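Numbering (this note's numbering), first residue to last: 392 to 845.
Positions of the beta carbon are idealized from the N, C-alpha and C atoms, including for glycine.
If you're wondering where the values come from, they're calculated on a predicted model, not measured in any experiment.
What follows is a single structure, written as structure tokens, with notes after it.
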Amino acid sequence: MKKYLRLTLAIIGMIPFHGCDNPVQTSATETIQGDIVWDKSFGGENSEELSVIIPTPDGGYLLGGDSFSNVSGDKSQGHFGGGDYWVIKIDAKGNKVWDKTFGGFRSDILKCLVKTSDGGYLLGGYSQSGPTGNKTTGSNAKIDYDYWIIKIDNNGDKIWEKTFGMTDNDYLRGMVATEDGGYLLAGNSSIPETGESYGSDDFWVIKINALGEKVWEKSYGGTQYEALWRIIPTNDKAFLLAGHSNSNASGDKSQDSKGDFDFWILKIDSDGHKIWDSSIGGFKSESLLGIAPSSNGGYILVGATDADSSPSGDVSGASKGFYDYWVVKANEQGVKVWDKTFGGNLNDFPDCLPISYNGGYLIGGYSFSDKSGDKESPLFGDKGDLDFWVINLDSKGNKLWDKSFGGTSSDFLFSIIPAHDDGYLLVGSSGSPKAGQKTSETNGSTDFWIVKIK
């Protein structure tokens with residue numbers, strides 16, 4: 392729980408955190424109700440944190456996160472070190488098919504899953520481990536994090552692995568497939584491998600081929616600090632890098648910072664060349680945590696805004712609490728079209744890629760707030776706990792409804808995806824026992840938790 396609290400109290404201070412999903416657009420005819428169909432928990436004797444979910448071709452899903460448990464509960468393989476990659480295959484009803492653990496003797500944190508063209512999957516995150524456990528790459532002498540990717544087949548068996556990094560911390564948070572069969576790996580680095588370093592931390596992107604061999608790498612930043620959270624493909628065969636920055640105009644940053652930290656989005660072509668960049672923010676701190684194409688053109692950005700920012704700069708709405716959801720519609724060049732602020736009386740963090748449907752949007756994250764402000768449902772746990780919080784917006788960013796999902800302890804929502812059949816899956820981590828809306832017991836201190844909604 393300590394790393395969650397550090398994020399909450401520091402926001403983003405800016406600590407490496409979540410996630411890696413593929414942005415989705417859904418049918419223009421569907422209506423979202425938000426009622427629970429089923430929920431499932433998966434975990435071992437200690438703690439598990441679920442970061443990402445992707446659909447599988449057979450109608451099931453692949454879940455990815457990290458685990459501190461030995462063989463126990465739903466975990467069939469032992470624990471290697473300070474935290475391991477943990478992958479679970481489930482069917483359409485949420486029943487476990489298989490699980491796999493990958494790691495060394497230090498900390499290994501899984502953030503990304505991508506389907507490969509041969510029916511397998513690419514796992515991505517960051518690792519402190521050298522060649523120990525079932526990890527065969529890296530250096531035992533180095534204790535900083537490196538990018539670590541693993542290719543597995545459709546049964547979860549490892550085919551190959553690769554490590555990329557330098558002498559300081561490198562945090563991989565995003566992966567996308569490219570048209571030539573390769574992948575882009577995107578995250579943060581203090582000292583990129585061969586590219587120019589502009590400030591204390593920069594966006595760092597590596598292009599690899601289908602075998603995991605590096606093709607090129609590039610860094611992007613200003614003279615201060617940049618933290619990358621997401622990478623998504625665009626409809627013109629380019630890519631958007633999304634995160635936050637406190638640099639003034641310098642390096643790759645063309646605009647001065649409007650406050651402590653601003654949203655920063657950067658468009659690159661397939662060779663990594665910058666096309667444009669855009670900064671959006673208020674007087675204090677804004678952290679960009681999700682981005683997706685909008686069904687009516689442009690992009691929808693979601694992140695957190697500090698109460699002291701409202702209203703100022705690009706933040707037009709009044710704050711409801713300490714940190715609020717901040718939703719920005721941008722055009723094709725990254726220029727703000729409109730913005731909306733949503734929150735309750737305490738801290739609210741949107742940590743999912745937004746889903747665009749029928750001109751509207753579904754956004755989600757987690758909330759410490761009780762019923763107040765824009766939050767119409769009470770907190771299921773005690774003060775200091777938190778719940779999944781989902782908001783449905785129309786095409787102009789006006790709230791249609793909001794719903795909370797949780798048990799009697801802390802529940803963190805990190806991803807939303809459309810289900811294969813109907814509705815959506817909300818996935819994250821839960822420390823709640825069987826209570827409130829949670830129908831399954833927790834195996835350890837924190838489990839993967841999946842909620843299917845209509």
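Which residue's Cα is closest to the Cα of residue i: the options?
i    : options                   : result
V478 : Q646, D838 and W792       : D838
V728 : S836, G689 and A698       : G689
Y757 : I691, V842, C743 and D593 : C743
G521 : G473, I807 and S442       : G473
G750 : A532, A683 and I540       : A683
C503 : Y517, R497 and F496       : Y517
A810 : S442, G435, P446 and E436 : P446
S768 : K790, G735, G775 and N789 : G735
D660 : H635, G485, W620 and W607 : W607
T507 : P624, S836, L501 and N545 : N545
I540 : L576, G425 and K431       : L576
G846 : G455, S636, D662 and I623 : This structure does not reach residue 846, given that the chain is present from 392 up to 845, and the question cannot be answered.
Are the CB atoms of residue j and residue i within a distance shorter than 7 Å?
i    : j    : result
L657 : Y611 : yes
A568 : V505 : yes
S786 : N687 : yes
I844 : I427 : yes
I543 : Y512 : yes
K766 : G798 : no
G819 : F805 : yes
S801 : L777 : yes
N639 : D627 : no
L679 : F652 : no
D715 : D739 : yes
T732 : G694 : no
S467 : G435 : no
Below 7 Å CB to CB, which residues in the same chain sit around residue i once its five sequence neighbours on both sides are set aside?
i    : result
L737 : G712, F713, F759 and S760
D475 : D457, S458, T492, F493, G494 and D499
G451 : K480, I481, D482, A483 and V488
S747 : Q416, A683, P684, S685, S686 and I691
If we count the other Cβ atoms within 10 Å of its Cβ and call it buried at 16 or more, is residue i buried or exposed?
i    : result
E604 : exposed
A633 : buried
S530 : exposed
S831 : buried
T696 : buried
D730 : buried
G556 : buried
V726 : exposed
P741 : buried
W792 : exposed
K825 : exposed
L602 : exposed
I841 : buried
D813 : exposed
H664 : exposed
P745 : buried
S439 : At residue 439 the sequence reads Glu, which differs from the Ser that was named. So E439 ends up on the buried side.
K720 : buried
N783 : buried
E570 : exposed
Report all residues from its chain with a CB closer than 6 Å to the CB of residue i; omit the five preceding and five following residues, and keep chain order.
i    : result
V781 : G755 and K794
Y378 : The structure shown has nothing for residue 378, since the chain only spans 392 to 845.
S418 : Model confidence at S418 stands at a pLDDT of 42, short of 50, so the residue's coordinates are unreliable and nothing is read from them.
E421 : No answer about E421 holds up, because its pLDDT of 48 lies below 50 and its placement is not dependable.
Give me the DSSP bridge partner(s) of residue i.
i    : result
R497 : BP columns for R497 are empty, so no partner.
H635 : A618 and F654
D475 : S458
G819 : L804 and W840
L777 : In the DSSP output, where bridge partners are listed per residue, L777 has none listed.
S446 : For the record, residue 446 in the displayed sequence is Pro; it is not Ser. DSSP, once it has assigned bridges, lists Y452 as partnering P446.
P809 : Y815
A683 : I691
M566 : L576
G756 : W780
G515 : C503 and I540
D739 : S758
V596 : A577 and K609
Given residue i, which residues of its chain have a CB within under 8 Å of its CB, disregarding the five upstream and five downstream residues?
i    : result
Q724 : W667 and S669
S700 : G650, G672, G673, F674, K675, S676, E677, V706 and S710
D559 : D535, S580, S581 and I582
L770 : S758, F759, S760, D761, K762, D776, L777, D778, S795 and G797
G469 : N461, V462 and T492
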